[in-house]
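Colleague:
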């Protein structure tokens, strides 16, 4: 039953997000209709406008709001990392259960699921906690992206420049900076053993550079600031992420030498 609730929750959030995705090139105002506009995008636009008036430019306003939002969701990020670490610690025991109940018949698999849930319960691990923070963060982060995109096509908002970069036009420099810092984010994160995940170390930064060269510089500025915050978070959460612990390194075959 709980699984059904989580599926419904995920589908509901996806519906809300997709309903707003079709409008990302349309102007935004206080009168814009729809849940996504009224409760996500417009409030973020209003906060950016407030800080831009307070600090003197939309560039500084975007930086301030990005920092505030990332700090606000920091507890969720930390909780997600802690949940992931606990799941990593349980991997050896989970693999033992998989070997014990390797048969694919219904009775064996039911016993496997029961012992797996008992293992997680006794270890204090809730597998859903790894997904919940991401589900909560997603509307906020995408909402910020949409707010900047739609401010760019709304005549009432004159984004101006940040340093020497016109925020309404693409900036190659900010795009490359965003991609490079994204690479640093991935490098300072947890150790990755999966070859497909390792490919993301190179694909994700290149994608951001590509998008940044086509989209307004205001979005590249948002990526730059957000990624810098992510690097700082990784350094504090994973301590010295560039010095991977032995337990995080890929396991080698043949056993340890004595």
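Numbering (this note's numbering), first residue to last: 3 to 260.
C-beta atoms are modelled at their ideal positions from N, C-alpha and C, and glycine is treated no differently.
Keep in mind it's a predicted model, so treat the numbers as computed, not measured.
Straight-line CA distance for residue 240 to residue 157?
Modeller: Rounded to whole angstroms, residue 240 to residue 157 spans 44 angstroms at the Cα level.
Colleague: With a threshold of 8 angstroms, are at least 3 pairs of Cβ atoms found where one atom belongs to the stretch 175-182 and the other to the stretch 214-221?
Modeller: Taking 8 angstroms as the limit for Cβ pairs, the verdict is that the stretch 214-221 does touch the stretch 175-182.
Colleague: Under 8 angstroms by Cβ, that's how I've got residue 169 and residue 61 pegged, so tell me the actual separation to the nearest angstrom.
Modeller: Sure, about 6 angstroms apart at Cβ, within 8 angstroms.
Colleague: Please state whether the Cβ-Cβ distance between residue 46 and residue 149 is less than 8 angstroms.
Modeller: Contact: yes.
Colleague: Since residue 153 contacts residue 30 with CB under 8 angstroms, what's their CB separation in whole angstroms?
Modeller: Indeed they touch by this definition, with Cβ atoms about 7 angstroms apart.
Colleague: Helix, strand or coil for residue 110? Go by DSSP, reduced to three states.
Modeller: DSSP places residue 110 in helix when its eight states are reduced to three.
Colleague: Helix, strand or coil for residue 168, going by three-state DSSP, please let me know.
Modeller: Residue 168 falls in the strand class under three-state DSSP.
Colleague: With a threshold of 8 angstroms on Cβ separation, who are the neighbours of residue 216 within its own chain once the five nearest residues in sequence on each side are excluded?
Modeller: Result list for residue 216: 172, in chain order.
Colleague: According to the neighbour-count rule (16 or more other Cβ atoms, all chains shown, within 10 Å of its Cβ), is residue 161 buried or exposed?
Modeller: By the neighbour-count rule (16 or more Cβ atoms within 10 Å), residue 161 is buried.
Colleague: Among the candidates 76, 35, 155, 88, whose CA atom is the shortest distance from the CA of residue 27?
Modeller: Comparing Cα-Cα distances from residue 27 to each of 76, 35, 155, 88, the minimum goes to 155.
Colleague: Output needed for residue 263: all residues of its chain with C-beta closer than 7 angstroms, excluding positions within five of it in sequence on either side, in chain order.
Modeller: The displayed coordinates of the chain run from 3 to 260. Any statement about residue 263 would go beyond what the structure contains.
Colleague: If contact is defined by three or more beta carbon pairs under 8 angstroms, each pair taking one atom from either stretch, is the stretch 97-116 in contact with the stretch 197-213?
Modeller: They do not touch, by the three-pair rule.
Colleague: Provide the residue span of the alpha helix (DSSP H) that contains residue 55, from first to last.
Modeller: Unbroken alpha helix (DSSP H) run through residue 55: 44-57.
Colleague: Over the uninterrupted alpha helix (DSSP H) stretch that includes residue 236, give me the two end residues.
Modeller: First-last of the alpha helix (DSSP H) with residue 236: 219-239.
Colleague: For the alpha helix (DSSP H) that residue 79 lies in, which residues bound it at each end?
Modeller: Per DSSP, residue 79 belongs to the alpha helix (DSSP H) from 76-102.
Colleague: Quick one: Cα of residue 51 to Cα of residue 227, how far?
Modeller: If I take the Cα positions, the gap works out to 18 angstroms.
Colleague: Flag this pair as yes or no: are the beta carbons of residue 237 and residue 190 separated by less than 8 angstroms?
Modeller: A contact, by the Cβ cut-off of 8 angstroms.
Colleague: Tell whether a beta-carbon distance below 8 angstroms holds between residue 48 and residue 92.
Modeller: Not closer than 8 angstroms, so no.
Colleague: Counting only the same chain and skipping the five closest in sequence on each side, list residues whose C-beta sits under 6 angstroms from that of residue 232.
Modeller: Excluding sequence neighbours, residue 232 sits near 187.
Colleague: Per DSSP, what kind of secondary structure is residue 156 in: helix, strand or coil?
Modeller: Note: residue 156 maps to coil in three-state DSSP.
Colleague: Go to residue 175, then tell me how far its alpha helix (DSSP H) extends in each direction, as first and last residue.
Modeller: Taken as a continuous stretch (DSSP letters only), the alpha helix (DSSP H) holding residue 175 covers 174-189.
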